[in-house]
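S.K.: I have a structure I would like to understand better, so I am pasting it below and will then ask my questions one at a time.
There are 2 protein chains.
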Amino acid sequence: MQKTGVEKNNDPIAAQLAPVGRETVQDRVYLELRRALVGGLFEPSQILTIRGLADALMTSTMPVREALGRLITEKALEALPNRSVRVPPITLDRMDDLLRARILIEGEAIALAATRIHPRQLSVIEGTLSEWDEMRALKHKKDVDREVTLNQSFHFEIYRACGSAVLIPMIESLWLQSGPCIRVAIYAFSEAGEVDTAHYHRSIVAALSRQDPEAAREALVADISRPFNFLRNKLQSEAASKGQS
Amino acid sequence: MQKTGVEKNNDPIAAQLAPVGRETVQDRVYLELRRALVGGLFEPSQILTIRGLADALMTSTMPVREALGRLITEKALEALPNRSVRVPPITLDRMDDLLRARILIEGEAIALAATRIHPRQLSVIEGTLSEWDEMRALKHKKDVDREVTLNQSFHFEIYRACGSAVLIPMIESLWLQSGPCIRVAIYAFSEAGEVDTAHYHRSIVAALSRQDPEAAREALVADISRPFNFLRNKLQSEAASKGQS
DNA sequence: ATTTTTGATTTGTGATCACACTTGTATTGA
DNA sequence: TCAATACAAGTGTGATCACAAATCAAAAAT
Numbered sequence: 008m009q010k011t012g013v014e015k016n017n018d019p020i021a022a023q024l025a026p027v028g029r030e031t032v033q034d035r036v037y038l039e040l041r042r043a044l045v046g047g048l049f050e051p052s053q054i055l056t057i058r059g060l061a062d063a064l065m066t067s068t069m070p071v072r073e074a075l076g077r078l079i080t081e082k083a084l085e086a087l088p089n090r091s092v093r094v095p096p097i098t099l100d101r102m103d104d105l106l107r108a109r110i111l112i113e114g115e116a117i118a119l120a121a122t123r124i125h126p127r128q129l130s131v132i133e134g135t136l137s138e139w140d141e142m143r144a145l146k147h148k149k150d151v152d153r154e155v156t157l158n159q160s161f162h163f164e165i166y167r168a169c170g171s172a173v174l175i176p177m178i179e180s181l182w183l184q185s186g187p188c189i190r191v192a193i194y195a196f197s198e199a200g201e202v203d204t205a206h207y208h209r210s211i212v213a214a215l216s217r218q219d220p221e222a223a224r225e226a227l228v229a230d231i232s233r234p235f236n237f238l239r240n241k242l243q244s245e246a247a248s249k250g251q252s
Numbered sequence: 008m009q010k011t012g013v014e015k016n017n018d019p020i021a022a023q024l025a026p027v028g029r030e031t032v033q034d035r036v037y038l039e040l041r042r043a044l045v046g047g048l049f050e051p052s053q054i055l056t057i058r059g060l061a062d063a064l065m066t067s068t069m070p071v072r073e074a075l076g077r078l079i080t081e082k083a084l085e086a087l088p089n090r091s092v093r094v095p096p097i098t099l100d101r102m103d104d105l106l107r108a109r110i111l112i113e114g115e116a117i118a119l120a121a122t123r124i125h126p127r128q129l130s131v132i133e134g135t136l137s138e139w140d141e142m143r144a145l146k147h148k149k150d151v152d153r154e155v156t157l158n159q160s161f162h163f164e165i166y167r168a169c170g171s172a173v174l175i176p177m178i179e180s181l182w183l184q185s186g187p188c189i190r191v192a193i194y195a196f197s198e199a200g201e202v203d204t205a206h207y208h209r210s211i212v213a214a215l216s217r218q219d220p221e222a223a224r225e226a227l228v229a230d231i232s233r234p235f236n237f238l239r240n241k242l243q244s245e246a247a248s249k250g251q252s
């Protein structure tokens, strides 16, 4: 028998055993920090220390410093000249920059996906949407974490259908970079009495099921622009009131 | 006097001293590996080992493993399930994927740059072009390394004019990923009697000086598509001749 | 009272070690 | 002769240590 790595075992006993998985500690740390970033658990301009994170995550410094290095190269974190690392601060210019890039790339991804998507995938996406509705009906608001997670899986389920191994990591990087902004915007939405977010998502799946690339792109642009525009208005009015004081 | 980090010294003696720079070993390793990748010093599918690179770069394993981790997250290298890392192999699908992404993003960057570029920057870019011509006139060919470097600075000098801190790192990542392909294509060009590459660059700067975004985008698309198309034809004919044997 | 200096603590970086897993090569068995 | 085993070398991962640079707090000097 050829012995290439782990051998496929067809014994009746072994068939019930799930593969044990061999993810490294570094991967877990990296994924956990990612989750925290897109979820907005860290505030903009907050400084992160290796040892502090290592204590919080109950590991040594080694996996943490490697995960931080990776996040810095994706621009999800920022390396200060002092050699300390912080989550990037929010500026108006940067927000516009991020939104423009997201419209360009995610718009292209969804336009590609519209032409290639399979009915099976589409039903999975619709399933995500109804799960979302259920949650929204039960616990009236408050669970922003779950909200963020569902929004994320909704979008990436679509992007995966574009079949580009190059675009998707770029979109992930963009979400990582705009995560802190989004969280601020979502909180602001919750306070301001939430607008109908579900409407945008329904028009996206409608365009997708019609296999209409440009309508899908348009609906997506409206969806991702909304929190950015909201946040921009908020920041501008804050800056104006601070300027006159 | 406030003492925030290194203090700015205005002594007549100190004024002549250039800042010494404090880049870490890890940064040097990272930049060196980057240079090697876009320059195509590594072959596709080649396996890289931490200790091997550390010996070659005359450092310990620590800076190398961190640099490798960063390159893996940018998809410039690939982590195999065996936990070994290799430079990604070239496939037709991946090439098309890369080219499509580059057309999308670099096209947008140059269209933005066309509307914002300053005459000073434009003259710098033209300077790069004439330096290129000189080199091409003197040593008839052969110096592909210098060729790659000049091509790189020509393009990125333009992209910097788009003023987007989000798009430029993405373009760098795309160049990193397509570096091995490009090198293969350039060598193939040299063998096949080089076509007029300078022509494409001249039409790019012409469109730029006219501040014509769409013409610039079009010229750029032609420029970056050329090596990909060449390589695709080459791979396809190779596959065909192998298929019939 | 304000500024400067001094010292202690914290922090990132690089090196080294221990361990587990993989890979390659010889050795043994049929 | 060929496959399977056993052993050895190689490799990635995580932990720990040493050191330099940065940060902060208290004490001293103006």
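In order, the protein sequences belong to chains A and B.
Every number in our numbering is 7 more than the matching position in the first sequence, counting from 1.
Every number in our numbering is 7 more than the matching position in the second sequence, counting from 1.
The C-beta atom is built at its ideal place from N, Cα and C for all residues, glycine as well.
In this text the structure is predicted, and so the values were computed from the model without any measurement.
Which of the three DSSP states is assigned to A:G12 in this structure?
M.R.: The predicted model places A:G12 with a pLDDT of 35, which falls under 50 and marks its position as unreliable; any figure quoted below should be read in that light. In the structure shown, A:G12 sits in coil (DSSP, three-state: anything other than H, G, I, E or B).
S.K.: Hey, does B:K241 have any beta-carbon neighbour from chain A nearer than 7 Å?
M.R.: No, no contact with chain A.
S.K.: Report the start-end ranges of each alpha helix (DSSP H) in the segment 172-250 of chain B that is 4 residues or longer and not cut off at the edges.
M.R.: List check, alpha helix (DSSP H) in window: 174-198 and 204-216.
S.K.: B:A108 versus chain A: which residues are under 9 Å apart at the beta carbon?
M.R.: Within 9 Å Cβ-Cβ: I112, E115, S171, V173, L174 and M177.
S.K.: When the cut-off is 7 Å and only beta carbons count, does A:D34 lie next to chain B?
M.R.: So no, A:D34 is outside the interface.
S.K.: Who are the near neighbours of A:P187 in its chain, counting only those whose CB is closer than 8 Å to its CB and skipping five residues on each side?
M.R.: The residues are L44, G47, F49, E50, P51, V94, P95 and I97.
S.K.: In the DSSP assignment, the alpha helix (DSSP H) including A:F161 goes from what residue to what residue?
M.R.: Start and end: V151 to R167.
S.K.: So does A:L145 have its beta carbon nearer than 6 Å to some heavy atom of the ligand SAM?
M.R.: This structure lacks the ligand SAM; in fact it carries no ligand of any kind.
S.K.: Check distances from the C-beta atoms of the segment 65-96 of chain B to those of chain A and list, in chain order, the residues that come in under 7 Å.
M.R.: Residues passing the 7 Å Cβ filter: E73, G76, R77, T80, E81 and K82.
S.K.: Run through chain A and tell me which residues come within less than 9 Å of B:R101, C-beta to C-beta.
M.R.: Correct list: A172 and V173.
S.K.: Could one say the Cβ of B:L105 lies closer than 7 Å to chain A's Cβ atoms, at least one of them?
M.R.: For B:L105, the answer is yes, since a Cβ of chain A falls inside 7 Å of its Cβ.
S.K.: Based on the DSSP output, what are the partners of B:R93 in its beta bridges?
M.R.: According to DSSP, B:R93 bridges with B:I54 and B:E85.
S.K.: Inspect the beta-carbon positions of A:H208 and A:L136 and report whether they are closer than 7 Å.
M.R.: Yes; because the gap between Cβ atoms is below 7 Å, this pair is in contact.
S.K.: Under 7 Å between the Cβ atoms of B:Y37 and B:R77?
M.R.: Closer than 7 Å, so yes.
S.K.: Could you compute how far the alpha carbon of B:Q243 sits from the alpha carbon of B:N236?
M.R.: Going by the C-alpha atoms only, they are around 10 Å apart.
S.K.: Classify B:E141 as helix, strand or coil using the three-state DSSP reduction.
M.R.: Helix at B:E141.
S.K.: Between B:E73 and A:E73, is the Cβ-Cβ spacing less than 7 Å?
M.R.: Yes, these two residues count as a Cβ contact at 7 Å.
S.K.: Tell me where the alpha helix (DSSP H) around A:I124 begins and ends.
M.R.: Looking at the DSSP string, A:I124 is not in any alpha helix (DSSP H), and its letter there is neither H nor E.
S.K.: From A:K241, A:E154 and A:V131, pick the residue whose C-alpha is nearest to that of A:M142; which is it?
M.R.: When only C-alpha atoms are compared, the closest one is A:E154.
S.K.: Quick check: is the beta carbon of B:D18 nearer than 7 Å to any beta carbon in chain A?
M.R.: In this predicted model, B:D18 has a pLDDT of only 48, less than 50, meaning its place in the structure is not dependable enough to derive any value.
S.K.: Please say whether A:L129 and A:S185 have beta carbons closer to each other than 7 Å?
M.R.: No, they are not a contact pair.
S.K.: Going by beta carbon distance, what residues of the same chain come within less than 8 Å of A:Q159, once the five residues before and after it are set aside?
M.R.: Excluding residues within five positions, the ones whose Cβ falls inside 8 Å are V45 and W182.
S.K.: Using only the alpha-carbon positions, how far apart do A:W139 and A:L157 sit?
M.R.: Near 7 Å, if we compare the C-alpha coordinates of A:L157 and A:W139.
S.K.: When DSSP labels each residue in this structure, what does B:P70 get in the three-state scheme?
M.R.: B:P70 falls in the helix class under three-state DSSP.
S.K.: Hey, how far is the Cα of B:R35 from the Cα of A:L174?
M.R.: Approximately 28 Å between the Cα atoms of the pair.
S.K.: Assuming contact is defined by CB atoms lying nearer than 7 Å, are A:P70 and A:V27 in contact in what I supplied?
M.R.: Contact: no.
S.K.: Between the beta-carbon of B:A120 and the beta-carbon of B:R224, is there less than 7 Å?
M.R.: No, the Cβ-Cβ distance between B:A120 and B:R224 is not below 7 Å.
S.K.: Cβ of A:I124 within 7 Å of Cβ of A:L215?
M.R.: Yes, Cβ-Cβ distance for A:I124 and A:L215 is below 7 Å.
S.K.: Is A:A25 helix, strand or coil by DSSP?
M.R.: Coil.
S.K.: In whole angstroms, what is the alpha-carbon distance linking B:A172 and B:A247?
M.R.: Approximately 43 Å, taken between the alpha carbons.
S.K.: Report the three-state DSSP secondary structure of A:T135 (helix, strand or coil).
M.R.: A:T135 falls in the helix class under three-state DSSP.
S.K.: If you draw a straight line from the C-alpha of A:Y54 to the C-alpha of A:L87, how long is it?
M.R.: Going by the sequence as given, residue 54 of chain A is Ile instead of Tyr. Using only the alpha carbons, I get a separation of about 10 Å.
S.K.: Look at the alpha carbon of A:A222 and the alpha carbon of B:L60, and state the distance between them as a whole number of angstroms.
M.R.: Answer to the nearest angstrom: the Cα atoms are 50 Å apart.
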